[in-house]
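Following: one structure in structure tokens, then a few remarks.
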Amino acid sequence: MPNKKSPFSALNEKPGISPPEIINAIAVEHIKKFRKIQPSSKELVEGILAGNITALSRAITLVESINSAHLTKANEVINACLPHANKSVRIGITGVPGVGKSTFIEAFGKQLTSLGKKVAVLAVDPSSTISHGSILGDKTRMEELVKDENAFIRPSASGETLGGVARKTRETITLCEAYGFDTIIIETVGVGQSETAVHSMVDFFLLLKISGAGDELQGIKRGIMEMADAIVINKADGDNIKKANLAKVEFNSVLHLFTAKKSGWVPKTSTCSAITHQGISAVWKTITQFLELTKGNNYFFEKRKEQNQYWMLETINEQLKLNFYNHTVIQQLLDSTKKAVQNDEISPFAAAQLLLETYFKK
Ligand SMILES: Nc1nc2c(ncn2[C@@H]2O[C@H](COP(=O)(O)OP(=O)(O)OP(=O)(O)O)[C@@H](O)[C@H]2O)c(=O)[nH]1
Ligand SMILES: [Mg+2]
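With the working numbering applied, the sequence shown closes on residue 441, and no number is skipped along the way.
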């Protein structure tokens, strides 16, 4: 009930005040800022081409996203970047955990930037889904390179499959090249299938090894050695120098057993120390010789064309697989069909056929 006794009573309401204009202006500013956080694909492309590192990082994040709206936008950015890409040398580096890949890349990367090169370091690490980026995750072995303004280090994308992770790295190469990086280094761990994926996106493939006790050739996957354009024996320092030299001779004789490469290149073996930097500049020299030879005989360009076709087919395979397993009907049927196969109620082939037919009829 209104108090009629006194106009000064606290129970008397004052006439309403309309909200000041400023509130709306703040809201507008806020919305504008938010829009800035989500730049358009055109803005991203312009940023990348102008050498804006934030734009590059954002575009890579877009490429790595699993959101389908982001996928469309990422494709727009990549397509616009394509004409500006391709002018680089792509180097793959593999080796078992602990061989010194990160330490080597730190020394090698610094060597390259001292030559005036702009270096991007990427990674393909299929285990990163579980460990959230073990390769390059901490960057502690690349303290100097991280600080170098001519270097860019990006940890591995994560994903459910190696194919997915590899595709994202492949697309990141395009973005980095459009930005102006002329040397792309891709690190991968030498256990499993990731070397094959990296081999299919690089010009030069380097296998890092260490001399070990016992038979040097034990446990080396022949396939990886066959892919290598150079085998570099790391940790050739201190007491290890002699052993490293012996390992070099041994690897060299094995390399000669393989069939000649289509590139005409004869793989090289050498030793180095990522810590003392012995043999690091020689690795770049080897790569320069490789480029001279393969650009001269056109192999370099032909291989890139082949790799592009490979990545188109890989992307189709990957996408079909994803669509299949994400389809609601398949998701409903998959568990029961798996059980039926386990209990010998249906053959694995008939079961697969049934699921595929269901999928394609959808
Ligand atoms: N003596 C010596 N030690 C080295 C050399 N290079 C690397 N190391 C050491 O070897 C260990 C492993 O080096 P990393 O660079 O982390 O090896 P990585 O291959 O990147 O290992 P992952 O990332 O786990 O696959 C570290 O303790 C390094 O200090 C070298 O040239 N000489
Ligand atoms: Mg490492």
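Even glycine gets a Cβ: it sits at the ideal position worked out from N, Cα and C.
query = Would you call Ala292 buried or exposed, if buried means 16 or more other Cβ atoms sit within 10 Å of its Cβ?
reply = Note that Ala292 has pLDDT 41, beneath the 50 cutoff, so the model's placement of it is unreliable and no number is given.
request  = Quickly, what does DSSP pair Val311 with across the bridge? List them, please.
outcome  = Bridge partners of Val311: Leu287, Ser349.
message = Taking the alpha carbon of Ala315 as the reference point, which residue from Tyr404, Asp308, Leu287 has its own alpha carbon closest?
response = Leu287
inquiry  = Does Ile145 come out as helix, strand or coil in the three-state DSSP assignment?
reply    = When DSSP states are grouped into helix, strand and coil, Ile145 belongs to the coil group.
inquiry  = Please tell me whether Thr262 and Lys197 are closer than 9 Å, where the distance is taken between their beta carbons.
reply    = Yes, Cβ-Cβ distance for Thr262 and Lys197 is below 9 Å.
query = Pairing CB atoms from the stretch 358–377 with CB atoms from the stretch 170–190, are three or more of them under 8 Å?
reply = Counting C-beta pairs closer than 8 Å gives three or more between the stretch 358–377 and the stretch 170–190, which meets the contact rule.
query = The beta strand (DSSP E) spanning Val442 covers which residue range?
reply = Absent from the structure is residue 442, since the part of the chain shown begins at 80 and ends at 441.
ask   = Taking 8 Å as the cut-off, is the CB of Ile264 close to at least one heavy atom of ligand 1?
value = no
message = Give me, in chain order, the residues of the same chain whose beta-carbon lies closer than 8 Å to that of Lys374; leave out the 5 immediate sequence neighbours on both sides.
response = Phe380
Alpha helix (DSSP H) runs wholly inside the stretch 355–390, at least 4 long, in chain order = 359–375
message = Quick test of the definition: if touching needs 3 or more C-beta pairs under 8 Å, does the stretch 344–357 touch the stretch 303–317?
response = yes
query = Between Ile320, Asp282, Thr338, which lies nearest to Gly302 when the distance is taken from Cα to Cα?
reply = Thr338
key: Buried or exposed by the 16-neighbour rule on C-beta atoms within 10 Å, applied to Val203   = buried
message = Considering only the alpha carbon of each residue, which of Asn319, Leu392, Phe284 lies closest to Glu305?
response = Phe284
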